[in-house]
Structures are given as C-alpha cells and as structure tokens.
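Its first residue numbered 260, the sequence shown is counted upward by one per residue in my numbering.
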Amino acid sequence: MNGAYRLKSMLNLSSVIATIALASHANAQEQAAPPQQTGGEVADIVVTGFRASLNSALAVKRNETATVDAIKAEDIAEFPDLNLAESLQRIPGVAISRVNGEGRNISVRGLGAEYTRVRINGMEAIGTTGGTDNSGGVNRGRGFDFNIFSSDLFSNLSVRKTATADVEEGSLGGTVDLQTSRPLDYRKPTVALSAAASYNDLSEKTTPRLSGLVATQTDDGRFGILLSVAYEERKIKEEGANITRWTYGGFNGGFNAASTLPGYSLAQINDNNPDTALFHPRIPGLVSYDISQQRLGAAGSVQFKPTDRTLISLDGLYSRLDGTRKEAQLQAISFSRSGSGKPQTIIRDGVVDDDNNIISGRFDNVDLRSQSRYDVLKTEFYQVTGSVDHQFTDRLKVFAMAGYASSEFSNPIQTTVTIDAINTGNFQYDFSTRFPNIQPGVDVANPATWSFINGTSEVRIRPQTVSNAFTTAKGQAEWEAIDGVTLKAGLDWRKFEYGSTERRRLSGETVVAPLTQAQLAGMTTLFSGFGKGLNVPSGTPTAWIVPDLNAFISQGGIYANPLYATGGIENATARGSYITVTEEDTGVWGMAQFNLQDMAGVPIRGDIGLRYVKTDQFSTGYASQGTAINLVTADRSYNRWLPSLNLVGNITDDLQVRFAAAKTLARAGIASLTPGGNLNVSGGNRTFSSGNPDLKPTSSKNLDASIEWYPMQGAIYAISAFRKDIGSFAQTLSVGVPYSSLGLPDSLLTGTTASPGDIFIVSQPVNSDGGILKGFEINIQQPFSFLPGFLSHFGVLANYTYVKSNIEYLTSASGGTSVTAPLVGLSKKAANATLYFETEKFQVRGSVAYRSKYLTAVPGTEGNAYNGTNSTLNVDAQASYNLTKRLKLSIEAINLTDESNDQFVDETNRLNVLTHSGRQFNFGVRYSF
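Below, the structure written as structure tokens:
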C-alpha cells in the first residue's frame, strides 16, 4: 500500500470516527471539561467501578504532555484483570504473549519485551521466571515477566509511549509504570478482603486465591501505613504437539539408501541444498506439561508529612513464585539424530506437498523416545524504595529517591530421564491437518517396548540460577520561573548486576547404568489421558510408557550414584552458563515545561529537554582460547545525547493534537553481553551459543502525532501515527556449521551422542543496520450514557494498531548477505475491544484481544526462513454483583475459546508447536470497609 493511499484511508477513517462521535456528542448532556494541569500529574484518588476507573485513566492521558495511557484499579485492591499483562493489553499498541494460560511479556507498538522498560514505584526493575523450552525457557534478558505479581497489589498502571528527558532511557517501545497503593491515597482507614476459587477445565483442578489490604492514617492526615497481601495457587495442564522445527532431507547424514518416495530419486530425498531440498519434521512428537504454582505477594508503604510542604514515602514490594512442572514427551528422535538415527531410517512411502514438505509418510527403523522431566522453579523478588518530596516555596520544589530491587530465579531441580525403542517399524505421520497424526508402529503403552541403554538413553540433571539486581539513586529540582514556564533538572544513577549459573553431569548425559527389561519395567509408569480438547486424529496415542522419576531416584540412584554427579565451572558443558554482567548508567538531564495559555493566551503546552547518559559495562564468561577454555572479561563505555520534545495543542475545549520527537535507545539483552560461549547437546539438538560484549545499543529517532477528541466525560476518539528510524539493531544470527569448524576440543563431546562431524546450530548476537518502523493506532472509548433507560449503562472501548517494519537481518557470519523482514516480536495488526454494562449493583463485560502472527527468530535454522507464532484471538468475560455496598460477588472467565499456542517455522507455515492450556474460571467474593 503506497503512502498516499494509506494517508487517504486514515483520513476517511478519521471522518467515520468523527461522525460516530458527533452523534453521541449531540445527544450527551453538556459536561465541563476536566481542568488542564501544566505539570502533567493527576492526584491519586480511590475510584469505584469499571466506568469510573476508565474515566480516571482518561484524565491522566488527557492532561499529560507526553503520550501516556493508564489503567486504574476499579476499587481498593481490585484491579480490572487478575494478570497485569492482560490489563495492559487493553491499551492501544500493547500486545501480550501468554505462557501457561496467562500473560508473561508485552510488546508496545511492535517492539518486544527487550525494548520495553518497567518501573515499579518509579524505579526500574527486572522480573525473571522460567518457562517451557517451547515458550522461551528462562528469561535471561531485560524483558519483564509480569506473571510474577498478583494484580491486587497495584493501584494503577501506565504506558509512556513518547520520551521526556526526566524519564530514564532504555526503551524504544514504551516505559511501563506499575504503582502500588499508598496509605495517604485514602481518606480514612480502609480494609479490603477477597477470596476466590479458580478452576481450569483442562486440568480439572480448583485452587484458591486470597488477598487483603489494610490502610490507616492519623486524624491529621500526616502519617499513614498500608499493607497488602495476595496469595494464589494455580494448577494447569498444557499439552499438544511439539515438533522442534523442520529440516531438509540431507541434514544429519540423510535417510537410508533404501528409502523410496514416489516421484523422487534418492538424490532428491537427501538433497543438501535447502533451496531445492525436501523438508520433514525434525522430531515429530507429543508433549504434556502438568504445572503447579503458588504465588505470594506483599506490598507495604509508610508515608509521613512532617509539614504541609514535605512528604516522605517508604515503599516495599515482595513476591515469591514457586512452581513445579512435570513433563511427558513421546518423540520420533530418529529424524534429528545423526549416525545411528536418520541414516538408518528408511522412507517406505510418502506424500510431498507444493511447498516441498514430506507432509505424510511411512518409515522403518525409526528410533522412538519417551521422556519424563521434572522442574522445581522459584522466583523471589523484592524491592525497597524511599523518596522525599519537598516544596521550598510555591515555585521551587525538589524530589529525591533511592532504591534497591532484586530478582532471584532458581531451578534447583531440572531432571530428565529418557528411554528408547530403537529401529522400530511402520512409523507413520501425517501433517495434512494442523494437529498431526503421529502413529508409532509399536505398542508404546507396553513396558517391553522400551529400553534404557548406555550411550543412547539419557539422564540430564541441570540445576540453574539467574539473578538480577538494580540499585538506583536520583534527584531533581523543579522551578516555576514564570507563570506557564517550569524548569526542571536532575541527575540519576543506576547499577545493574546480572549473574547466571548451571550444573551438568560430569560424565556426560548419555553415560547411564543400563537396566534389564525386568528392572526397567519396575521403574516406568503409564502416562494416560492425553489429548482432551485437541481432537486428536485416530491412531495417535493418548497413553504411553514414561520413566518414573521417583523410581529412578530411589532405585536407579541418579542423585546418589557418582556416575550421575554434576559439576559447574569444572564441567566443560556447564561453564558457559557462568556469566556475570555489571552495568552502570549515569544520566544528567534538563527540561522546560511550558503552557503558553498562561503566558500569551495561546492554547499550546508541552516540554522540551535533553538527556545525557553514560554507560559502563563489565562482563565475564568462559570462552575457547586455543585448546583451553578460560574465564575471559570484557569492558566498554559509551555515551549518548538524547533530545526530546512533546507538544499539545488545544484546538477547542474538547479537541487536542499532539506532536512528539525524540531520540531513544535500548541496551542489548544483558546475557548477550558475555564474552563467553555455551555448548549444548540435548537429544537430537546440537547448539553452540556465544555472547558479544561489543553489541551496540539499539538507537531510534522517533516521530509521533495524534488527534484526540473528548466529546463527553469518559469518551475519547483518537488516531495516532508514529515512525521510528531504528539506526542500529542487535539481532541473533544462527547458522549451521560442523562442530569441527568451531575450534573447540573434541573432548567436550565426550558422554554425548554428538560427533565432530555433526552440524551444530551456532548462535551469536551481532550488530545489524536496523530499519524503519511505522504505524498508526485508533482508540475509541465511549460510555452510552446519552442513550435512554438501561442502554445508558452500556459502554465500549476498542483500539486497533497497525505496525509495519523493514529490518535488515544478516544471514552470514561475514555480514556479506542479509534479508529484510519484520522486526522480531512485531505483530502487524493488533486489536482489543470490550463491551461493558454497569449499574450500581451489577456489572458485566466481555473482551476480545487479537494479535496477528509475529516472528521470533530471523533468520531461521536448517533452511527455514524464520520462526514465528501464529495469530491469536483471546476472549475473556467478567461479571459481578454488589450484594451490599461492602460485599460483592464476582465471576471471571479467561480464554473462553481455549486459544492454542500455534508456533511455526518458515514462510510455508510448517508446524513447530501446537498446544493448549484450557479455560480458566474464577469465582470470588469481596468485602471492604
């Protein structure tokens, strides 16, 4: 679509919006516009009800000079959604990614979690959790995992989409502010208690959710204390197909020479050129996760006003997320295994589609694998901040804050045991439907089918940790030089410390004490019940034998036998995870806020500022130096000047326009800065990843413009356009090369099934040239209070975001070749809509959230153009009834359509992962006084 056509379309759409809004405006009762505030700050007040929370949030947006969208709590300790990320997705331009049925990360205007900063009570923080391998695993970057916290601990959220000099740098997409409650926000002593039961229809488990808040103040309002606590449990199941990408016929040594495929020669079957080769699934398999979580959170605040001009606040936040995950997998490992795997596998028959995919087939000599894995996952987060506001005169005030935040993730138990069935016959798969038909040719539910073999079967023991810590200090002064002009200046300092560790088996993961058939039969169990709600094709197993991990611990001695001992730094395959990074950022800034209405009667307000930032980074890791693996260090420094401008013009009392220009930066993922590397062999997966301490920060020059119309209280019709010129970009480059070309000693492969001739996927973050990102947002919020009777209790909020980007990605280590593709994590289209009905007694609302497909890796591996996740459409609903002014009943339904997690590889949409996690229902009661 050319620029002129798109501009015409936007103007036409603006006309439609204006027509709709005029209709409601003409019928609405006249209401005074909310007063404009030059400082851009709106005092925190307690609001009640969904519509009131929307009105309060809209007041924040309208009065800010920067582009800011907010969400307010509906009532004391009652947020509109149970998950923070799911609340944020109602904001225009925000899309979320879900893990295990709840929101984990967000993207803002197409820029993912790595480009979005999160501040809690004004201080930057990082929260880290662990996920399944197909959901990204452990968060080792700067992205924030919102599933750490219960939403009940927070009173408001906001997303700042344009930059101002007084807000610390580090974000290209947006800065998210999370604010916990404070005691002087309330006018009187307050108590709120709630309890709920949560039911998941896939796991068929019911779990509790409890929360409470207590706040009190002295009679003179000068001192207050607040404490809120939230606890919940979750028991869910996620299951489906797990394919682990697709690869081409000649990969890993090709198929056996006896293979036949109608219409194709053996040379075509085992073609090594990805551009002309036939593709097949790497590890066609089934997976089931049984997940249990306990989440405990607490927030406390003490405030003291020794004088009318001084406010001292001390805030604390704590959260602990404990979980376990049981995993059962059935895999055809042969297709990704070199040596005795794929080269022995014979294609007996098959069908090739128009995209050169062996979409279905029948095979002999297929190695099957059954896998059990058990994880214990713990995240402990705490933050303490102290701040002082003091007003020397009516025109001069100062602010100072200091704080410390820590997020400690540990995976103290990560144990996997595999059993194998070698060279089985008559294995079949069929990917002509989205959920594949996978049919082993043997009875996988019979213990006699399976073996535990030294050199083939595996025992993996991989405990690991990730720690993040932030220390912050900042101060600023604000002086109203003349009416309508306020000058601000400040200094801020941040220190970020990152560390990760891991342990692995010293003797190698395929070195096991073999078991006889009788011994193994007593150390396995039948996993059953797979496939509920999946419409599993006939012939695909719903039960199979899996290792009994408790039996392998008690009888097999995998934690006691020295054969299974683990090591850390002394272990060649684990030491690559020993990474430390220390980063210090020092910023100095100045800005002017102005309101020309006060000075010259011109209805324009805004701010202009300049920020200078200096960054010092020091990192360590283990890397190959000749034939040795040594600890190496790297350090560097850089500085940037970051100007910003925000303008707001009030055309009428109800219509305003915005313009913003700024230069911003986001620093590279923290773990990516290590000078070290990490080798990994897991089943058929062979990878080597390394860091890059010379990664440049991703920089961007931004332009934003918007038109906002507020035809009545609580209503807005707005359209915004934005453009980001991303001048530098840190991408992950993944290429397949033989292990022998890496310059690493062959001894690192001892105890694995890999050989020096095997192809390893080598990944490293590199600097690329970036590109242009541009798009627009449409935002509508309309209460129907102008309609007669019960219709006046309805309202709607809806938004649509379109984003387009063209980013240049390198495809070779030399930098000589590249491809152009959308930014990783960017959905071209995103939309949200909520229809609500609210009276004094009753409230009900339904929400729909759409996100178009997005890429997760460019370029892909093994001949695939890229990896990605397909579009999602999530439907949620809530209802509540106030029995009295103090007592309320509620029900919430999440993911009503049981939306799937559908991941793909290549532009041909080859299935990579297809899982679902069921619907969640919450039944609650709330009491406040």
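Quick reminder that beta carbons are idealized off the backbone N, C-alpha and C, glycines included. Everything numeric in this text was worked out from a predicted model, so none of it was measured.
- For P796, the closest alpha carbon among the candidates D807, D844, L589 and R693 is that of R693.
- Judged by their CB atoms, L472 and S487 are nearer to each other than the 8 angstroms cut-off.
- Of D857, N889, Q852 and E842, the smallest CA-CA separation from D875 is found for E842.
- Rounded to whole angstroms, R584 and Q552 show a C-alpha spacing of 9 angstroms.
- Shortest Cα-Cα distance from W848 to any of G936, A748, E768 and T1011 involves A748.
- Per DSSP, M971 lies in no alpha helix (DSSP H) and is assigned neither H nor E.
- DSSP assignment within the segment 1016-1054 yields the following whole beta strand (DSSP E) runs of 3 residues or more, N-terminal first: 1018-1027 and 1029-1042.
- For secondary structure counted as the alpha helix (DSSP H) over 4 or more consecutive residues, the segment 750-830 holds these complete runs in sequence order: 776-780 and 808-813.
- Counting C-beta pairs closer than 8 angstroms gives fewer than three between the segment 608-621 and the segment 664-679, which falls short of the contact rule.
- For the set Y1140, S1159 and T1156, the Cα lying nearest the Cα of I1150 is the one of Y1140.
- Looking from the CA of E737, the closest CA among V1134, N809 and R654 belongs to R654.
- Spanning the alpha carbons of G1183 and G308 requires a straight line of approximately 16 angstroms.
- With at least 16 other beta carbons inside 10 angstroms of its own, D328 counts as buried.
- Rounded to the nearest whole angstrom, the C-alpha separation of K1033 and R607 is 50 angstroms.
- About 16 angstroms separates the Cβ atoms of T775 and I804, ruling out a contact at the 8 angstroms cut-off.
- For K320, the enclosing alpha helix (DSSP H) covers residues F309 to N322.
- By the 16-neighbour rule on beta-carbons within 10 angstroms, F1101 is exposed.
- Contact between V546 and G499 holds, since their C-beta atoms are separated by about 7 angstroms, short of 8 angstroms.
- When C-alpha distances from R579 are compared across T638, L370, Y548 and E586, the shortest belongs to T638.
- Restricted to the segment 346-381, the beta strand (DSSP E) segments that are unbroken, complete and at least 3 residues in length are 353-358, 361-367 and 375-379, listed in chain order.
- Going by C-alpha positions, S366 is about 31 angstroms away from A587.
- The alpha-carbon of S878 is positioned some 36 angstroms away from that of F510.
- In the three-state reduction of the DSSP assignment, N696 falls in the strand class, which pools E and B.
- Rounded to the nearest angstrom, the Cβ distance from L416 to L431 is 19 angstroms, too far for a contact under 8 angstroms.
- Residue state for G835 is assigned as helix, using DSSP reduced to three classes.
- With a cutoff of 8 angstroms on beta-carbon distance, V635 and G734 are scored as not near each other.
- Shown here, L636 sits in a strand according to DSSP, grouped into three states.
- Within a 10 Å sphere around the beta-carbon of G389 sit 16 or more other beta-carbons, which makes this residue buried.
- Nearest C-alpha to F729 among L1114, T644, L461 and R568: T644.
- Burial check for P533: the Cβ neighbour count within 10 Å reaches 16 or more, so the residue is buried.
- Rounded to whole angstroms, the Cβ separation of G835 and G935 is 6 angstroms, and the two are in contact under 8 angstroms.
- With 16 or more neighbouring CB atoms inside 10 Å of its own CB, D444 falls in the buried class.
- C-alpha of A831 to C-alpha of T760: approximately 13 angstroms in a straight line.
- The DSSP-derived three-state label of D411 is helix.
- By the Cβ-count criterion, L901 is buried, with 16 or more other Cβ atoms from all chains shown falling within 10 Å of its own Cβ.
- Looking only at K1112, G1127, R982 and G369, the smallest Cα-Cα distance to P1118 is reached by G1127.
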